[in-house]
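This report refers to the structure that appears directly beneath it.
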Amino acid sequence: MPASRDDIPDLSGAPRTATRISCPSCGSSRVAQMLGDSGGVSYVCTACGHSWS
Ligand SMILES: [Zn+2]
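See the structure below:
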């Protein structure tokens, strides 16, 4: 009897699109993290569209 299958999804983390950053413009936490042009990281608020880095 296969009692040791390991197909339980990993629920230990938050979705990758969700961050703990708040939008400086509207204060929403619906912020997506994006890669910038020079390899940096920038953020865009999905609530108001404000983007920053
Ligand atoms: Zn915003």
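For this note's numbering, add 77 to where a residue sits in the sequence shown, where the first one is 1.
All C-beta atoms, glycine included, are put in the ideal place defined by N, C-alpha and C.
Closer than 6 Å: residue i CB and nearest ligand 1 heavy atom
| i | result |
| --- | --- |
| A109 | no |
| S105 | yes |
| S128 | no |
Residues that DSSP places opposite residue i in a beta bridge
| i | result |
| --- | --- |
| A109 | V121 |
| S128 | V121 |
Sub-7 Å separation of residue i and residue j beta-carbons
| i | j | result |
| --- | --- | --- |
| S105 | H127 | no |
7 Å CB neighbourhood of residue i in its chain, flanking five on each side removed
| i | result |
| --- | --- |
| I98 | V108, Y120 |
| G116 | none |
Close beta carbons around residue i, own chain, < 8 Å, minus the five adjacent residues each side
| i | result |
| --- | --- |
| G113 | S119, S130 |
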